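Structure record follows, encoded as structure tokens.
Protein chains: 2
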Amino acid sequence: MNLSEIGGEDALIDRLKANLATDPDHVIKGIGDDCAVLKTGDPEIYGLLKTDCVVEGVHFAENTAPEAVGWKAMARVLSDLAAMGGAKPVAALVTVAVEKNRAVSEIEGWYTGFRKAADRYEFSIVGGETTSLPEGGPAMISISMTGEINRESCIFRSGAQIGDLIAVSGRLGDSFESGRHLQFEPRFDLARTAAGSATAMMDLSDGLAKDLPRLATASGVGFSIDFDKVPLNGECNLEAALTDGEDYELLATFPDSAPAGFTVIGKITETIETPLKGGWDHFS
Amino acid sequence: MNLSEIGGEDALIDRLKANLATDPDHVIKGIGDDCAVLKTGDPEIYGLLKTDCVVEGVHFAENTAPEAVGWKAMARVLSDLAAMGGAKPVAALVTVAVEKNRAVSEIEGWYTGFRKAADRYEFSIVGGETTSLPEGGPAMISISMTGEINRESCIFRSGAQIGDLIAVSGRLGDSFESGRHLQFEPRFDLARTAAGSATAMMDLSDGLAKDLPRLATASGVGFSIDFDKVPLNGECNLEAALTDGEDYELLATFPDSAPAGFTVIGKITETIETPLKGGWDHFS
Numbered sequence: 000m001n002l003s004e005i006g007g008e009d010a011l012i013d014r015l016k017a018n019l020a021t022d023p024d025h026v027i028k029g030i031g032d033d034c035a036v037l038k039t040g041d042p043e044i045y046g047l048l049k050t051d052c053v054v055e056g057v058h059f060a061e062n063t064a065p066e067a068v069g070w071k072a073m074a075r076v077l078s079d080l081a082a083m084g085g086a087k088p089v090a091a092l093v094t095v096a097v098e099k100n101r102a103v104s105e106i107e108g109w110y111t112g113f114r115k116a117a118d119r120y121e122f123s124i125v126g127g128e129t130t131s132l133p134e135g136g137p138a139m140i141s142i143s144m145t146g147e148i149n150r151e152s153c154i155f156r157s158g159a160q161i162g163d164l165i166a167v168s169g170r171l172g173d174s175f176e177s178g179r180h181l182q183f184e185p186r187f188d189l190a191r192t193a194a195g196s197a198t199a200m201m202d203l204s205d206g207l208a209k210d211l212p213r214l215a216t217a218s219g220v221g222f223s224i225d226f227d228k229v230p231l232n233g234e235c236n237l238e239a240a241l242t243d244g245e246d247y248e249l250l251a252t253f254p255d256s257a258p259a260g261f262t263v264i265g266k267i268t269e270t271i272e273t274p275l276k277g278g279w280d281h282f283s
Numbered sequence: 000m001n002l003s004e005i006g007g008e009d010a011l012i013d014r015l016k017a018n019l020a021t022d023p024d025h026v027i028k029g030i031g032d033d034c035a036v037l038k039t040g041d042p043e044i045y046g047l048l049k050t051d052c053v054v055e056g057v058h059f060a061e062n063t064a065p066e067a068v069g070w071k072a073m074a075r076v077l078s079d080l081a082a083m084g085g086a087k088p089v090a091a092l093v094t095v096a097v098e099k100n101r102a103v104s105e106i107e108g109w110y111t112g113f114r115k116a117a118d119r120y121e122f123s124i125v126g127g128e129t130t131s132l133p134e135g136g137p138a139m140i141s142i143s144m145t146g147e148i149n150r151e152s153c154i155f156r157s158g159a160q161i162g163d164l165i166a167v168s169g170r171l172g173d174s175f176e177s178g179r180h181l182q183f184e185p186r187f188d189l190a191r192t193a194a195g196s197a198t199a200m201m202d203l204s205d206g207l208a209k210d211l212p213r214l215a216t217a218s219g220v221g222f223s224i225d226f227d228k229v230p231l232n233g234e235c236n237l238e239a240a241l242t243d244g245e246d247y248e249l250l251a252t253f254p255d256s257a258p259a260g261f262t263v264i265g266k267i268t269e270t271i272e273t274p275l276k277g278g279w280d281h282f283s
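Respectively, the protein sequence lines represent chains A and B.
Numbering-wise, numbering that gives the first Met the number 0 puts 195 at position 196 of the first sequence, and it's gapless, one number per residue.
Numbering-wise, numbering that gives the first Met the number 0 puts 36 at position 37 of the second sequence, and it's gapless, one number per residue.
Here it is in structure tokens:
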């Protein structure tokens with residue numbers, strides 16, 4: 000059986016994470032949320048850890064401005080740190096894998112984008128790895144990042160309760176076509192606001208149709224979406240808003256009302272009342 | 000100018016790290032040692048952070064047993080944690096980039112290797128990323144790891160003093176040909192012993208000819224090697240021992256004598272008295 004036959008990325012991850020034990024002395028949450036959550040020396044502070052990568056021809060097109068590629072690579076990881084409740088980013092590692100005939104100026108352009116994100120969001124780039132690829136290998140950038148968050152502000156995917164409102168920040172869809180995926184700002188401010196009352200939160204990277212079921216599964220609940228309420232980006236249609244992916248907005252659940260900047264689109268129910276299909280999947 | 004014309008990997012890194020500021024409130028050592036070193040909540044404990052990747056066709060051949068590939072990917076990073084003074088590994092993130100037509104059993108074999116390393120060295124695999132590659136893209140595994148070390152046990156590359164002895168653990172050369180690069184054990188025990196008296200330490204991954212000059216540059220010193228003393232692996236010659244790379248042994252400097260398990264091969268001098276050439280370089 001090859002990867003395209005396994006039933007998608009989540010099925011693959013379920014299979015790979017079987018038999019992986021984590022050490023409860025160090026780990027609060029392993030695989031299965033936007034970031035891994037670790038204990039620190041201070042019981043009031045959680046450490047966060049996240050990795051993500053972008054591949055040429057998959058996450059960015061060949062002719063994309065290098066600075067925008069660098070920004071996107073960092074901002075994707077920052078979006079995951081934000082989605083834990085507006086964590087503080089601390090340190091990043093950068094791995095760049097490229098063919099030897101790549102222009103130095105292009106790699107430097109990626110670094111301009113990395114640095115711009117580091118300056119804006121006040122974290123340090125503390126190391127990384129540069130490796131050559133065999134001829135014809137697509138360029139790849141992998142970022143790992145650490146962060147910190149107060150224990151009480153840390154919001155997991157798994158806390159949604161039946162009756163909670165489901166809400167999203169911003170507008171969904173058309174991110175790739177419109178170029179928004181190269182310029183977005185991670186939603187730190189909105190996430191910090193949400194952390195005061197949200198029961199569950201995650202970022203929308205693979206499309207609401209893929210990500211909401213993940214949140215529901217993690218929480219052991221269902222959902223009911225009012226499709227008329229889904230905020231559409233520009234002139235895109237509902238299908239695009241649900242399945243395009245690359246929104247990098249927040250998806251959160253709230254017991255009573257959603258704070259400013261969020262649109263309520265449905266509620267948490269016992270079972271799934273409005274099944275969703277589609278969304279981005281690497282292996283289906 | 001492309002990457003093959005820049006003068007090697009170190010020249011590339013020098014160029015990329017220019018203009019990267021690190022935050023002294025969080026970072027003790029950024030780019031330039033085996034691991035980045037971060038402050039933790041406890042002033043007596045340093046946090047370590049490292050990333051490394053292996054690429055099919057560069058770091059492992061196409062037909063390599065998957066479990067051995069997984070072991071190597073983890074052990075390379077562990078070797079860097081060991082080289083800081085025998086740190087405790089804590090948490091790892093795994094990124095796997097593969098074509099969709101890859102066999103699931105092969106990815107599972109890599110994970111068997113990852114898990115074997117996690118069990119042996121008692122750390123947790125807490126997350127990661129799986130991404131598809133465009134057709135023809137070489138498989139790539141990137142590992143990021145955190146660790147912890149007592150402040151006083153943390154040994155940097157930069158502490159070598161004129162007059163110190165230069166020593167290496169184990170035997171050098173022929174690692175790739177002999178298959179040792181797929182099975183090696185990171186030198187945690189020897190590193191912990193060395194940490195009591197070493198002034199500088201690093202792991203040997205690109206060959207002594209490449210790595211000793213890095214240690215000397217970081218320390219602002221030179222070196223004199225007694226080439227007859229270099230411990231050769233099996234029947235390999237001196238050239239192979241100096242330049243093959245993939246040894247994953249320790250290179251350390253000591254004021255008086257080297258502990259058991261180390262072979263003294265020279266001493267730290269003011270200038271470089273025995274210039275070295277060669278060693279593994281991705282971009283030259």
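Ideal Cβ positions, reconstructed from N, Cα and C, are used throughout, including at glycine.
Keep in mind the model is a prediction, meaning the values are calculated, not measured.
- Along the region 47-76 of chain A, the positions whose C-beta sits under 9 angstroms from a C-beta of chain B are L48, K49, T50, D51, C52, V53, V54, E55, G56, V57, H58, read in chain order.
- Taking A/V76 as reference, the option from A/V95, A/K49, A/T63 with the minimal CA-CA separation is A/K49.
- Close CB contacts of A/G7 within its chain, under the 7 angstroms cut and outside five residues either way in sequence, are with D280, F282, S283 (chain order).
- Here A/A193 is buried: its Cβ has 16 or more other Cβ atoms, across all protein chains shown, within 10 Å.
- Judged by DSSP in its simplified three-state form, A/F175 adopts helix.
- About 4 angstroms separates the Cβ atoms of A/G146 and A/A86, confirming a contact at the 8 angstroms cut-off.
- Counting along the chain, the unbroken beta strand (DSSP E) around A/L37 starts and ends at 35-38.
- B/C52 has B/S141 as its beta-bridge partners, per DSSP.
- For A/M139, the neighbours in chain B by C-beta distance under 7 angstroms run, in chain order, A96, M139.
- In the DSSP annotation of this structure, A/T270 is not part of any alpha helix (DSSP H), being labelled neither H nor E.
- The region 207-218 of chain B and the region 119-133 of chain B do not touch, with fewer than 3 CB-CB distances between them shorter than 8 angstroms.
- Boundaries of the alpha helix (DSSP H) around B/E66: 65-82.
- Near chain A, meaning a CB-to-CB distance below 9 angstroms, the residues of the region 112-133 of chain B are F113, R114, A117, D118, E121, F122, S123, I124, V125, G126, G127, E128, T129, T130, S131, L132, P133.
- Nearest C-alpha to A/P137 among A/I271, A/I148, A/Q160, A/K99: A/K99.
- Taking the CA atoms as reference points, A/Q160 sits about 20 angstroms from A/R191.
- Under the 10 Å beta carbon count, B/N232 is surrounded by 16 or more other beta carbons and is classified as buried.
- DSSP places B/D202 in no alpha helix (DSSP H) but in the uninterrupted beta strand (DSSP E) bounded by 199-203.
- Any Cβ of chain B closer than 9 angstroms to the Cβ of A/G40 would place that residue at the interface, and such an atom is present.
- At a Cβ-Cβ threshold of 9 angstroms, A/C153 and B/E128 do not count as neighbours.
- Counting only Cβ-Cβ distances below 7 angstroms, A/G136 has contacts in chain B at G136, P137, in chain order.
- Taking all protein chains shown into account, B/F187 has 16 or more neighbouring C-beta atoms within 10 Å of its C-beta and is therefore buried.
- Just so you know, the alpha carbons of A/M0 and B/I140 end up roughly 20 angstroms apart.
- With contacts defined by Cβ atoms closer than 9 angstroms, A/Y110 and B/L189 do not form a contacting pair.
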